[in-house]
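When you line the sequence shown up against the working numbering, it's residues 64 to 216, in that order. We put the CB at the ideal spot given by N, CA and C, even for glycine.
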Amino acid sequence: LDQNCVFCPERMKSRGDDVLRRVGSKAWSFFVIHARPAYAHFDAQQVLEHRMIIPEAHIESEYDIPPEALALRDEYIHDEEIHAAPGTAVQSYTRSANSPSKSISHLHTHLFTLSASPLAEFEYNMVDGVKKATFIEPTAEQIDAIEQSRHHL
Numbered sequence: 064l065d066q067n068c069v070f071c072p073e074r075m076k077s078r079g080d081d082v083l084r085r086v087g088s089k090a091w092s093f094f095v096i097h098a099r100p101a102y103a104h105f106d107a108q109q110v111l112e113h114r115m116i117i118p119e120a121h122i123e124s125e126y127d128i129p130p131e132a133l134a135l136r137d138e139y140i141h142d143e144e145i146h147a148a149p150g151t152a153v154q155s156y157t158r159s160a161n162s163p164s165k166s167i168s169h170l171h172t173h174l175f176t177l178s179a180s181p182l183a184e185f186e187y188n189m190v191d192g193v194k195k196a197t198f199i200e201p202t203a204e205q206i207d208a209i210e211q212s213r214h215h216l
């Protein structure tokens, strides 16, 4: 463990992160926490919930985790995807270890619950961050069409 890493267990406890769930065994376990700050949108969809899946051990790359541990994480993600509430979808992503936009070296996977509300307007600047985010509210018929298309994939 890295005592300075914000995602190692002791630092998470000191920040007051609540572990929503623990996936796996003691040897290779992942914590699921609410992300702070949460994203307002992802892939032009409104984010209803933003969680992160974080290995308990200080790992920097998916290449450093045995395949059976990655399978546990992926099984958790798949379970969340197939049990998504109507009108929502679950999507995940993990940046590669060498990604220039990766701000924390401890491996983590973002897990989003997205609404069927697409982004209509968006304003952002580097000083203030998100200044405006407006989403289109789909009709019940449009949500049904989205659900039908997801089941035909």
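Beta-carbon proximity check, residue i vs residue j, cutoff 9 angstroms
i    : j    : result
D177 : A196 : Reading off the sequence, residue 177 comes out as Leu, not Asp. The answer is no: Cβ separation not under 9 angstroms.
F93  : E119 : yes
R85  : V95  : yes
H169 : C71  : yes
I199 : P149 : no
Residue i classed as buried or exposed, judged by whether at least 16 other C-beta atoms fall within 10 angstroms
i    : result
V193 : exposed
D127 : exposed
H141 : exposed
T157 : buried
Q109 : buried
V190 : exposed
H113 : buried
Nearest neighbour of residue i, chosen from the options [CA to CA]
i    : options                  : result
M75  : H104, W91, H121 and F105 : H121
L135 : P72, L170, W91 and I206  : W91
I116 : S166, L133 and S164      : L133
N161 : V82, P100 and E123       : E123
E184 : H104, V82, A203 and D137 : H104
Anticipated Cβ contact below 8 angstroms, residue i with residue j, distance rounded
i    : j    : result
S155 : T172 : 5 angstroms
E143 : L174 : 7 angstroms
T151 : A179 : 7 angstroms
One or two residues paired with residue i in a DSSP bridge
i    : result
Q108 : F105 and P181
A152 : L177
N67  : According to DSSP, which records beta bridges pairwise, N67 is partnered with nothing at all.
M75  : Looking at the DSSP assignment, M75 forms no beta bridge with any residue, so it has no partner.
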